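Numbering (my numbering), first residue to last: 12 to 310.
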């Protein structure tokens, strides 16, 4: 395949090979669920909303992690998990273009491997809506995770709004159990990172979740993140290889329609450009400043 676009050329060949061989895992963060018609909050906005509902004014810029703020708030109000479930179960929130694009990065239903720290169920809704995927996409929710070395489906590593509210990983105590004392999230990640190529999408370089995800990392070179050129060091410090992506002034945004054609996605050769075109088109999904399509030429 001729790579006409210099942007496409920055996607490592081993990552594209992993996609075609069924060895790719997409790790989806809050940025994926931010755009309408989803309109869901990231972790900071969620913390602000929960504090507002509880009647407290938190100083979230005091240097402490957000989950620590939530842990203290949970001691004063026991409704945080229930409110979080309600927020991410909002019937007015629907899957957006990112939710529809990500499952199409995989050529077969059995190759779908998406891990998310998001509480909403839009990824599974969108994936199961694909004609080829009906009845064939399994969904796992914390703490009942599959084996990290051999799995297929969508994994909610921090729980899902589909579960009971107390299953959601929200406060510092929750995260401590998941990644340290009980350790089931960390065990899953260690095994997953050892066996698959992983692409992070929808995380900013300062995302709280990365602090906990880093506890599941160990030396290796099969982890990647789409990010702007000035944010690469943060990812490298986490043992993740940044795919540096420079924005060109005045480039237009693209719509989800550009990745909707299945015949451009499912075939003998699966091309990253049709799927990543939308994923990289919006600045909020790839690291706050990205506002360019991954591909410059036509299909």
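For each residue, glycine too, the CB sits at the ideal point set by N, CA and C. Source: prediction; values computed, not measured.
Check	Outcome
Neighbourhood of residue 147 by C-beta distance below 8 Å, restricted to the same chain and skipping five residues each side	120 and 121
CA-to-CA distance, residue 175 to residue 14, given in whole angstroms	For residue 14, the predicted structure reports a pLDDT of 39, less than 50, and the residue's modelled location is therefore unreliable. A value from the coordinates is still provided. In a straight line, the C-alpha of residue 14 is about 47 Å away from that of residue 175.
Inter-residue Cα distance where the pair is residue 155 and residue 34	22 Å
Spatial neighbours of residue 23 in its chain, beta-carbon cut-off 6 Å, leaving aside the 5 residues before and after	none
Alpha-carbon spacing of residue 135 relative to residue 124, whole angstroms	11 Å
Pair within 8 Å by beta-carbon distance, residue 153 and residue 170	yes
Cβ separation of residue 38 and residue 209, assumed to be a contact under 8 Å, to the nearest whole Å	6 Å
Cα-Cα separation, residue 101 to residue 236	29 Å
Supposed close pair residue 42, residue 243 - CB separation, criterion 8 Å	About 17 Å separates the two Cβ atoms, so there is no contact after all.
Three-way DSSP call (helix, strand, coil) for residue 54 in this model	helix
Pick from 248, 50, 177 and 97 that is closest to residue 64, judged by C-alpha positions	97
Beta-carbon proximity list for residue 47, same chain, < 8 Å, skipping 5 on both sides	107
Test item: CB-CB of residue 61 and residue 94 under 8 Å	yes
Assigned secondary structure, residue 68 (DSSP; H/G/I helix, E/B strand, else coil)	coil
Rounded distance between the beta-carbons of residue 172 and residue 131, thought under 8 Å	6 Å
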